């Protein structure tokens, strides 16, 4: 369990993190969303014990993380531009991490890089950006830590690899209760992996929410109204947005599924169906309520 | 959590990632140790036995030579090894902690489950191993070679002591480098930091001494004060400090401990985000900027003022102030546009620097014009070229080099004038009462001014030292009183402190020869010594103004003779002993002259002119004056014996070991007297052993010479000293 309380961090004049409080439960996949400069990397580095908060506290399994090797041995931080020693091969890096992380699983590491198609004896400096990312994920997963802090890890991975990495995460979440905390500026990247998200903006956290909870209260309906029916007949629903293409309406509404279905059944439609909401749409709805334009916050 | 075994695994990992440094250490130390020793051996094998070495064979000499070179190479002053070790220490420090200059690398290391304290220890341990394993290995090889070639087991001792010294020096430089890296955040900052640690405090000492020396009547011994700079900088300490091996080892290790503890504590406090910034701790920025701007602007003024004039000094001051402040701001912010940040601080620094300069330049605190209350003066100590211009004869010792195997002689100048004046106690009330006013009122800058050092010994026990510039020819009465004072003489001339029972030999030198006085009777030698001492003690300023000595005596005491014997026994050159401790015999020293006669030494107050001697007068004025207008003659060759005698009677011999400079000498014309036949004159210019050099006394240049060379009073005055 990670608990962040009233966290503050300044870099000279710039406030990077401003009074953030959040908690991340074990076994969750926590997505940290925000534009560039929102404070995602800073928050992750503080969670990894790299940066010291100016004030506030970070408790991981009820222990402070900064300068605490015991806690840090349960964390693996993958930066957006992971450092590798010059001239080292994946095997050399494995040896280094094995020294640092006692639970490092060499077998698993070899298995992973095999699966990802990486040569363990090739110099990392000759790897592409994506290959380096894959290697960092392999090292991070093989380190067998409880928490995996990923900063823009999916950025630079091709869709196939992205899916591969997601499935590796999914496997470890299921097998040993890994808790990945994934920071990204791209909502679509986290779409099908996160079950809990936090939206960061200008160093502050706008909200953290369980994705399923969010989805439960929001619904997207596609329908074609009968001749005498208009959208105004859906007064009982809290309509958040409406799109019309020809006679087809796409309406986002807030409420329980039953309420929405009952209301839709009560009006004269040629056809209607509930369609799944994208993460982006969920965020649009959530942030609009708070007075923000999501398109200015994230992609 | 990290266990001990993990610690060593990390050390191994770190060494693995800095294997290039291991290779550099191996290579550089391979050349600095075994190869260097092989070169000594090769050189020594080609050395022939010196002709004066009669007691030993060539092999023994060569072996001793190899041992001597090996000892020097590994010794406290072995420059090359110290240089290599220093460079390796800096590289090891930088390569170990340079990750702190890179955000990515800092995040990587600080994200690891290891305490910074442990990481710091890992880096230190691996750095030491990377350099010292190769060094010990190479030293063992070098020592083994030396051992085989010299057959001396003491080579091992030399190596072990050398290793200890070099280890302490390595650690000192390494500790400094690590501290600098932890205090800074990028390479520019690190470079400036290393420069600051190495040279800033020595520069401050130098600036202080220069300010005092140039703008004040300052008599503290600049050389001694400058020695402080060897103790305030690790680099200066390693290379220049003159101390014992034990002291060097202990002090170096002590400071290493302080530096590393400070570095470790700061490392724990250092923010990871400091990577990339010039200074890792913002709090250090202002103090460094302030002291740097102050130092640079003062030095700039000093440079302009001394090189040109005050106006250029002010110009240089403004440029120095602006440049130093702006460059530091650019470095701090990595942004050219921020060059005028902290303008107010720059203005305040400029104002403070101005105040410091004005204090020294205008003598705001009255340091120069200070006249102690004569009622509170207990005694005074005085030293000046005006009173005695042969100080090098009496304040110089010849010492034997530390290596007693093949001793050589080196000069040790006892030129600490402050010590001489501190140890002198003239209690004459007339001198005490008139000296402070006289010195302050006559302090001036001019062609004929000479340094005049004084220490006022106050009744309170305090010593007040001052330095004045006094015209050497306008201070007759007071100078006479001082010179004739016995307290002055006793503290100035070591001969007056010598014990007659210590006298074991006497040498003498005339204008042409240096000889040993042949006398085995110690009582007679002592009689001569006592007689001379008595007459020398009674020598007055007035006598010196009237007479010129043509013979000098050197009284050798047991200590002096012992040194000569050591050098002679070992086959060294004892000629250097004939250049010091000679005391003049003036023509009025009649008792001494009479005793000398008993030994067959005739005292000639004049230079003896043989029939075939020639003289040449060389005109040095043509360099300074327009020769055509003055219409001066070419070099003038004199062959007439009477004319030579007349010229010599009006001149002073500068080839003679002792020079009586109470009267001014005209340096415009050089008189060369050749002990050669006429036809050899052309060549004898180069034969210094057969040529004596003279100059006219300023007040007795013959009229015909003045006419011949168109010497006006102005020219004579300008060219006289």
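Protein chains in written order, with the numbering used here: chain R, 10 to 308; chain Y, 3 to 723. By construction, the Cβ of each residue, glycine as well, lies at the ideal position given by its N, Cα and C atoms. Predicted model, so just to flag it, every value in this text is computed and none were measured.
Using a CB distance below 8 angstroms, the part of the segment 44-60 of chain R facing chain Y consists of 54, 57, 58, 59, 60, ordered along the chain. At least one CB atom of chain R sits nearer than 8 angstroms to the CB of residue 15 of chain Y. Between residue 170 of chain Y and residue 85 of chain R, the alpha-carbon positions lie close to 40 angstroms from each other. For residue 219 of chain R, no Cβ of chain Y is located within less than 8 angstroms of the residue's own Cβ. Closest in C-alpha terms to residue 702 of chain Y, from the list Y:720, Y:666, Y:116, Y:675, comes Y:666. Within the segment 158-190 of chain R, no residue has its Cβ closer than 7 angstroms to any Cβ of chain Y. With its beta carbon at least 8 angstroms from every one in chain Y, residue 102 of chain R lies outside the interface. Residue 543 of chain Y carries a helical assignment under DSSP once its states are collapsed to helix, strand and coil. Within chain Y, the C-beta atoms nearer than 9 angstroms to that of residue 110 of chain R come from 114, 115, in chain order. When rounded, the separation of the alpha-carbon atoms in residue 607 of chain Y and residue 659 of chain Y is 15 angstroms. Of the other Cβ atoms in all chains shown, fewer than 16 fall within 10 Å of the Cβ of residue 604 of chain Y; this residue is therefore exposed.
Residue 26 of chain R is bridged by DSSP to R:18. Cβ-Cβ distances below 7 angstroms link residue 312 of chain Y to nothing in the same chain once the five nearest sequence neighbours on each side are left out. Not flagged as an interface residue toward chain Y: residue 271 of chain R, since no C-beta distance is shorter than 8 angstroms. Residue 110 of chain R is classed as buried because its beta carbon has at least 16 other beta carbons within 10 Å across all chains shown. The beta carbon of residue 251 of chain R is closer than 7 angstroms to those of 240, 258, 260 in its chain, skipping five residues each way along the sequence. Leaving aside the five residues that flank residue 593 of chain Y on each side, the residues in its chain whose CB is nearer than 8 angstroms to its CB run, in chain order, 533, 536, 537.
The beta carbon of residue 19 of chain R lies closer than 7 angstroms to those of 25, 63 in the same chain, with the five residues before and after it left out.
With fewer than three CB-CB distances shorter than 8 angstroms, the segment 103-112 of chain Y does not count as touching the segment 79-88 of chain Y. In chain order, 60, 61 make up the part of chain R whose C-beta sits under 8 angstroms from the C-beta of residue 273 of chain Y. Linking residue 518 of chain Y to residue 499 of chain Y through their CA atoms gives a straight-line distance of about 23 angstroms. Listed along the chain, the chain R residues whose CB falls inside 7 angstroms of the CB of residue 12 of chain Y are 108. The alpha carbon of residue 372 of chain Y has as its nearest neighbour, out of Y:218, Y:676, Y:175, the alpha carbon of Y:218. In the three-state reduction of the DSSP assignment, residue 255 of chain R falls in the coil class. In the structure shown, residue 104 of chain R adopts helical secondary structure according to DSSP, grouped into three states. For residue 330 of chain Y, the CB contacts under 8 angstroms within the same chain, skipping 5 residues up- and downstream, are 290, 291, 294, 295 in chain order. With a beta-carbon spacing of about 6 angstroms, residue 218 of chain R and residue 206 of chain R fall inside the 8 angstroms limit used to define contacts. Boundaries of the alpha helix (DSSP H) harbouring residue 353 of chain Y: 345-363, taken from the DSSP string. Residue-level contact check: residue 283 of chain Y does not touch chain R, since none of the beta carbons of chain R fall below 8 angstroms from its beta carbon. The Cβ-Cβ distance between residue 497 of chain Y and residue 591 of chain Y does not fall below 8 angstroms.
Residues of chain R whose Cβ lies closer than 7 angstroms to the Cβ of residue 110 of chain Y are, in chain order, 92. Against chain R, the beta carbon of residue 107 of chain Y has neighbours under 8 angstroms at 92, listed in chain order. Interface with chain Y (8 angstroms Cβ-Cβ cutoff): residue 113 of chain R is excluded. In the structure shown, the three-state DSSP call for residue 266 of chain R is helix.
The Cβ neighbour count for residue 237 of chain R, taken over all protein chains shown within 10 Å, is under 16; the residue is labelled exposed. Non-local beta-carbon contacts of residue 442 of chain Y in its own chain, meaning distances under 7 angstroms to residues more than five positions away in sequence, involve 371, 373 in chain order.
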